[in-house]
Each structure stands twice: as C-alpha cells, then as structure tokens.
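Count along the sequence shown from 1, add 345, and you get the number used in my numbering. The structure appears right after this line, and notes come after that.
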Amino acid sequence: MSSPEPPSQYEELARALVGRGAAETTEFYRAGLITDVAVDAERFARQYRYLEENDLPMMVVYGRAGGILPVNLHAAIFPAEGVENDPRTVFTILRRATRGDRGRRREFRDLVDPGEARSGFIARMGRFLSVRLSGEGRRSAEPSAPGLDFEVHTDSPDLRVHYHPAYWRDEALVFGAPSTPVRGCLRPGRYCFGASGQFLPLTFEDAEYDVPSATSAKLYL
346 MSSPEPPSQY EELARALVGR GAAETTEFYR AGLITDVAVD AERFARQYRY
396 LEENDLPMMV VYGRAGGILP VNLHAAIFPA EGVENDPRTV FTILRRATRG
446 DRGRRREFRD LVDPGEARSG FIARMGRFLS VRLSGEGRRS AEPSAPGLDF
496 EVHTDSPDLR VHYHPAYWRD EALVFGAPST PVRGCLRPGR YCFGASGQFL
546 PLTFEDAEYD VPSATSAKLY L
C-alpha cells in the first residue's frame, strides 16, 4: 500500500493562511499576490473558531463531482461588525438552509464537523493558489497587472451570473447581469459559476475554471 502524497507547497501555504496571523509572513502576501485570498482565509478561520468553540457543525456542499465545498457562513454568524449571533440562532439558520436545499438545486448540502470542512477548505485553497502562483497565473496576479477578461454564457437570457473562488461557496459574489453573455474581469485562480433569475433560484454548476487558461464559461441554465 503506497503512502499518501505529502501536501503541496500551495496546500502548506493555504494551511498557513488559515492559521492566525500567518498571512503577513509570506513572500506572496508581501508582494500583493494573495491579499484577497488571505482575507477569505481569515474569514473562514474566524467562522471555524466560532463553530468549534460552540460545538456547532459547518455547512458544506456535495457536488456531483464529489468532495466537500465549505459554505461562507459569515452573514449567519456575524450579522454586523463586532456582533455575534447566539449559537442557537446560528444552528437554526444552518438546519433551515440544509433542509430547504434538498431537491431544489443540483447539489446537496449537509452539516459536518468543522475540522472536516477545514481540511476541505485548505485542500481546495491549495489548488486555487497553485493556479494563482504558477506560470502565467503568477505574472497576471501582479498588483500592477490588469484583471483578466472573462465571459460567461448561459442557455437562458436575462440571468444574473454569480461566481466564487473554488475553495468555498460564497453566494454574495455577483459577476454581472444580464446574460447572455456577461463579461467581466478576474484575477488568476480557480472559479465556479452559477446564475439566478426570475424563475431560477441561485444555482451553481459543478465545473471549475482555471483562469487564465480558461477565458469563458458555459452554464447550462
């Protein structure tokens, strides 16, 4: 039986970013290459600590492709700056969110141990960073570089297109509207896309796109 492969340098970087106060110590952070990723890592770490301390689960998505994708719970846990929701309120929000999703979307949501979600987050962030910091991605991620052109096509017109980095589901990020197509700019990395409309609840597809090698996405929505 072969031993598991050791974590990549990018997964180790992701682990450091999720650790308290580690972001500023990395050369990539000082060069301005991962400041946005470091913000997400800190927000995830804050949610993780809250859930761990209050013995609460974390919400994740199981896509058809397998594996878990943590969901950004910032609004549920921290409704305002400096304000934390009561743990019972947070648990009620999580239960309602997972029950309401079954059969409505192309994905299944569940509540898992925060440690399991943290491992999934770190592994996914490592893959995102490997795209951001390798080859053309690194050159395009320089602070002085313009955003990379990207466009999203949908089957239906007049949809609002959403996106998020492929290490967690963040439904608050909007790429643009109306489709189709929707054009915008992205920094290098691995992304997921979805859409919502008058008769379409927000729905994400399983496909992940590596920018800059990919310049467009097709959504069958």
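For glycine and all other residues, C-beta sits at the position ideal for the given N, C-alpha and C. Predicted model, so just to flag it, every value in this text is computed and none were measured.
Could you name the residues of the same chain whose beta carbon sits closer than 7 Å to that of residue i, not counting the 5 residues immediately before and after it, in chain order?
| i | result |
| --- | --- |
| H419 | R388, Q392 |
| S485 | L493, P533, P557 |
| D458 | P402 |
Taking the alpha-carbon positions, what's the residue i to residue j distance?
| i | j | result |
| --- | --- | --- |
| G465 | P533 | 21 Å |
| V428 | A421 | 11 Å |
| L439 | Y395 | 14 Å |
| R528 | T499 | 12 Å |
| L362 | A386 | 6 Å |
| F320 | T443 | Residue 320 lies beyond the stretch modelled for the chain, which goes from 346 to 566, so this question has no answer here. |
| Y512 | A462 | 11 Å |
| Y565 | A559 | 17 Å |
| Y355 | A468 | 9 Å |
| R447 | G480 | Low per-residue confidence applies at R447: pLDDT is 47, beneath 50, and the placement is therefore not dependable, though the value from the model is reported in the following sentence. Distance between the alpha carbons of R447 and G480 is about 40 Å. |
| S561 | G364 | 34 Å |
Among residues of its own chain, excluding the 5 on either side of residue i, which ones have a beta-carbon nearer than 8 Å to its beta-carbon?
| i | result |
| --- | --- |
| P523 | P502, D503, L504, R505 |
| C530 | P491, G492, L493, D494, F495 |
| R477 | L378, I379, V382, R483, A486, R532, P533, G534 |
Label residue i either buried or exposed according to how many other C-beta atoms from any shown protein chain fall within 10 Å of its C-beta, with 16 as the threshold for buried.
| i | result |
| --- | --- |
| V416 | buried |
| E426 | exposed |
| G412 | exposed |
| E372 | exposed |
| V519 | exposed |
Please name the residue or residues paired with residue i in a DSSP beta bridge.
| i | result |
| --- | --- |
| I379 | None, per the DSSP bridge assignment. |
| D555 | R535 |
| F549 | G539 |
Starting from the C-beta of residue i, find all residues in its chain whose C-beta is less than 6 Å away, skip the five residues before and the five after it, and write them out in chain order.
| i | result |
| --- | --- |
| L358 | L474 |
In chain order, what are the residue ranges of uninterrupted beta strand (DSSP E) at least 3 long that sit wholly in the region 418-489? For the region 418-489, the full-length beta strand (DSSP E) segments reaching 3 residues or more read 453-457 along the chain.
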